[in-house]
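**Q**
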Amino acid sequence: METLEYRERPIGVFDSGVGGLTVAREIMRQIPNEKIVYFGDTARVPYGSKSRETITRFSEQIVRFLQTQQVKAIVVACNTASAYALDTLEKEIDIPIIGVVKPGAKVAAEVTRNGKVGVIGTEGTIGSGIYSSYIHQINPQVQVTGKACPLFVPLVEEGLWEDPVTDEIASRYLTELIDIGIDTLILGCTHYPLIRKTVGKIMGDGVTLVNPAYETAVELKALLEQHELLSPCPPALGENRYRFYVSDAADKFKRFANSIIKYGILSAKTIPIEEY
Ligand code: DGL
Numbered sequence: 037m038e039t040l041e042y043r044e045r046p047i048g049v050f051d052s053g054v055g056g057l058t059v060a061r062e063i064m065r066q067i068p069n070e071k072i073v074y075f076g077d078t079a080r081v082p083y084g085s086k087s088r089e090t091i092t093r094f095s096e097q098i099v100r101f102l103q104t105q106q107v108k109a110i111v112v113a114c115n116t117a118s119a120y121a122l123d124t125l126e127k128e129i130d131i132p133i134i135g136v137v138k139p140g141a142k143v144a145a146e147v148t149r150n151g152k153v154g155v156i157g158t159e160g161t162i163g164s165g166i167y168s169s170y171i172h173q174i175n176p177q178v179q180v181t182g183k184a185c186p187l188f189v190p191l192v193e194e195g196l197w198e199d200p201v202t203d204e205i206a207s208r209y210l211t212e213l214i215d216i217g218i219d220t221l222i223l224g225c226t227h228y229p230l231i232r233k234t235v236g237k238i239m240g241d242g243v244t245l246v247n248p249a250y251e252t253a254v255e256l257k258a259l260l261e262q263h264e265l266l267s268p269c270p271p272a273l274g275e276n277r278y279r280f281y282v283s284d285a286a287d288k289f290k291r292f293a294n295s296i297i298k299y300g301i302l303s304a305k306t307i308p309i310e311e312y
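Shown next as structure tokens:
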């Protein structure tokens with residue numbers, strides 16, 4: 037077993053920007069003893085429309101930065117980065133690392149009753165086919181239909197979480213999935229849990245929404261337990277429990293973050309990520 041000091045090290049969590057805060061929030065709720073170092077790549081967002089090579093390079097830089105912060109494990113809290121870069125990252129580092137795709141895919145494969153699962157996400161995530169390949173590893177009979185919803189990210193970032201404009205766009209995107217008769221829908225992008233109500237209203241009660249952010253926190257806890265890395269006690273009072281770093285526009289990040297995380301974002305520091 038690792039020393040107590042090692043187990044008290046933080047978890048590194050990263051995303052292309054603010055979206056991964058939905059994952060960080062679940063970790064804070066489900067494993068409150070853990071410290072977090074969060075990095076949001078606000079200078080280079082969005083990841084959803086960029087190539088695999090670019091996202092892998094960005095992710096490698098971020099992981100190098102997080103390792104300078106002495107993290108004991110890493111969560112790739114971005115669906116696009118999980119889809120494109122996780123395999124490479126796993127080979128490059130020797131601490132536990134998980135993404136958000138596998139946990140979401142696993143639950144969807146388990147909960148579908150009619151074997152028809154929908155996935156919504158960025159162009160990158162949907163184009164990679166990653167959700168469907170993980171689901172098929174568990175159950176090859178499941179029919180998986182992906183739908184890229186690129187306008188959801190800007191709508192969420194504009195704060196239009198419950199707004200007629202979002203209702204309209206969501207109806208257009210989701211009609212296809214309703215027509216297919218899916219009974220399970222994966223919210224395969226970090227921003228989508230924030231418009232869960234709108235999506236749920238359009239899909240109707242018969243469709244189970246899977247939130248990979250929630251499932252990732254469940255799986256992270258299990259992974260830390262398995263590696264005997266769970267922090268046994270809450271951080272001492274006054275200790276910097278949650279630290280936030282970005283690559284640009286720290287104030288804007290802080291405002292958004294404070295609107296979704298209730299644990300107080302004391303500060304967000306800008307760092308030159310290209311140097312890592
Ligand atoms: N965080 C990204 C994801 O989950 C969405 C935003 C972006 O395109 O960078 O795929």
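So our numbering is basically just the index in the sequence shown, starting at one, shifted up by 36. Even glycine gets a Cβ: it sits at the ideal position worked out from N, Cα and C. These numbers come from a predicted model, not from an experiment.
If you draw a straight line from the C-alpha of D51 to the C-alpha of P82, how long is it?
**A** Locating residue 51 in the sequence shown gives position 15, where the first residue counts as 1. Locating residue 82 in the sequence shown gives position 46, where the first residue counts as 1. Cα-Cα distance, rounded: 10 angstroms.
**Q** What first and last residue would you give for the beta strand (DSSP E) that runs through T181?
**A** Reading the sequence shown from its first residue, position 145 is the one you call residue 181. Here the beta strand (DSSP E) through T181 covers 179-184.
**Q** What is the rounded straight-line gap between the Cα of G151 and the Cα of G157?
**A** For the purposes of this step, residue 151 is taken as residue 115 along the sequence shown, with counting starting at 1. For the purposes of this step, residue 157 is taken as residue 121 along the sequence shown, with counting starting at 1. Rounded to the nearest angstrom, the two C-alpha atoms are 20 angstroms apart.
**Q** If you drop the 5 nearest sequence neighbours on each side, which residues of the same chain put their C-beta closer than 7 angstroms to that of G224?
**A** Reading the sequence shown from its first residue, position 188 is the one you call residue 224. So the qualifying residues of the chain are N115, G140, V155, I156, G157, T161, Y167, P248.
**Q** Going straight from the alpha carbon of F262 to that of I134, what length do you get?
**A** Walking along the sequence shown from the start, residue 262 turns up at place 226. Walking along the sequence shown from the start, residue 134 turns up at place 98. The sequence as given places Gln at residue 262; Phe does not occur at that position. Between Q262 and I134, the C-alpha separation is close to 13 angstroms.
**Q** Can we say the region 68-77 touches the region 253-271, given the rule of at least three CB pairs closer than 8 angstroms?
**A** Flag = yes, the region 68-77 and the region 253-271 touch.
**Q** Three or more C-beta pairs under 8 angstroms: does that hold for the region 229-238 against the region 168-183?
**A** Segments in contact, no.
**Q** Would you tell me roughly how many angstroms separate the C-alpha atoms of E264 and S303, rounded to the nearest one?
**A** Counted from its first residue, the sequence shown places residue 264 at position 228. Counted from its first residue, the sequence shown places residue 303 at position 267. Looking at the two C-alpha atoms, the distance is approximately 30 angstroms.
**Q** DSSP three-state call for D123: helix, strand or coil?
**A** Taking the sequence shown and counting its residues from 1, one reaches residue 123 at position 87. Looking at D123 - three-state DSSP - the assignment turns out to be helix.
**Q** I think T148 touches D219, with their Cβ atoms under 8 angstroms apart; what is that distance to the nearest whole Å?
**A** Translated into the one-based positions of the sequence shown, residue 148 becomes position 112. Translated into the one-based positions of the sequence shown, residue 219 becomes position 183. Going by Cβ atoms, the distance from T148 to D219 rounds to 6 angstroms, so yes, they are a contact pair.
**Q** By the 10 Å Cβ neighbour count, where 16 or more other Cβ atoms means buried, how is Y42 classified, buried or exposed?
**A** For the purposes of this step, residue 42 is taken as the residue at position 6 of the sequence shown. Per the 10 Å Cβ criterion, exposed.
**Q** Per DSSP, what kind of secondary structure is Y278 in: helix, strand or coil?
**A** One-based indexing of the sequence shown puts residue 278 at position 242. Three-state DSSP puts Y278 in a strand.
**Q** Hey, how far is the Cα of L260 from the Cα of P46?
**A** As a first step, residue 260 must be located in the sequence shown, where it is residue number 224. As a first step, residue 46 must be located in the sequence shown, where it is residue number 10. Near 12 angstroms, if we compare the C-alpha coordinates of P46 and L260.
**Q** For a test of the three-state rule: what should DSSP assign to L102, helix, strand or coil?
**A** Taking the first residue of the sequence shown as position 1, residue 102 is located at position 66. Looking at L102 - three-state DSSP - the assignment turns out to be helix.
**Q** Does DSSP classify I110 as helix, strand or coil?
**A** Here residue 110 refers to the residue found at position 74 of the sequence shown. DSSP places I110 in strand when its eight states are reduced to three.
**Q** Can you list, in chain order, the residues of its chain with a C-beta nearer than 8 angstroms to that of E159? Leave out the 5 residues immediately preceding and following it.
**A** The sequence position of residue 159 within the sequence shown is 123, counting from 1. So the list reads G84, S85, A184, P186, once near-sequence residues are dropped.
**Q** Measuring from the CB of V81, is there a heavy atom of the ligand DGL at a distance below 7 angstroms?
**A** Locating residue 81 in the sequence shown gives position 45, counting from the first residue. Yes, the beta carbon of V81 sits closer than 7 angstroms to at least one heavy atom of the ligand DGL.
**Q** Bridge partners of Y209, per DSSP?
**A** Position 173 of the sequence shown, counted from the first residue, corresponds to residue 209. Beta-bridge pairing links Y209 to no other residue.
**Q** Roughly how many angstroms lie between the CA atoms of L57 and A253, to the nearest whole one?
**A** Counting from 1 along the sequence shown, the entry for residue 57 is found at position 21. Counting from 1 along the sequence shown, the entry for residue 253 is found at position 217. Their Cα atoms are separated by approximately 12 angstroms.
**Q** Quick one: grab the DSSP three-state call for T90.
**A** The sequence position of residue 90 within the sequence shown is 54, counting from 1. The answer is helix: DSSP assigns T90 an H, G or I state.
**Q** What are the uninterrupted segments assigned as alpha helix (DSSP H) that are 4 or more residues long and contained completely in the region 209-267, given in chain order?
**A** Correct list: 232-239, 248-262.
**Q** If I'm right that I222 touches A144 with Cβ under 8 angstroms, what's the distance once you round it to whole angstroms?
**A** The residue labelled residue 222 in the question sits at position 186 within the sequence shown. The residue labelled residue 144 in the question sits at position 108 within the sequence shown. Indeed, because the Cβ distance is near 5 angstroms, the residues count as touching under 8 angstroms.
**Q** For A293 and V137, I'd like the C-alpha separation in whole angstroms.
**A** Translated into positions along the sequence shown, residue 293 becomes position 257. Translated into positions along the sequence shown, residue 137 becomes position 101. Near 23 angstroms, if we compare the C-alpha coordinates of V137 and A293.
**Q** Check whether the Cβ atoms of A113 and A79 sit closer than 8 angstroms, and answer yes or no.
**A** The sequence position of residue 113 within the sequence shown is 77, counting from 1. The sequence position of residue 79 within the sequence shown is 43, counting from 1. Contact: no.
**Q** Helix, strand or coil, according to DSSP, for T148 in the structure here?
**A** Translated into positions along the sequence shown, residue 148 becomes position 112. If DSSP states are grouped into helix, strand and coil, T148 belongs with coil.
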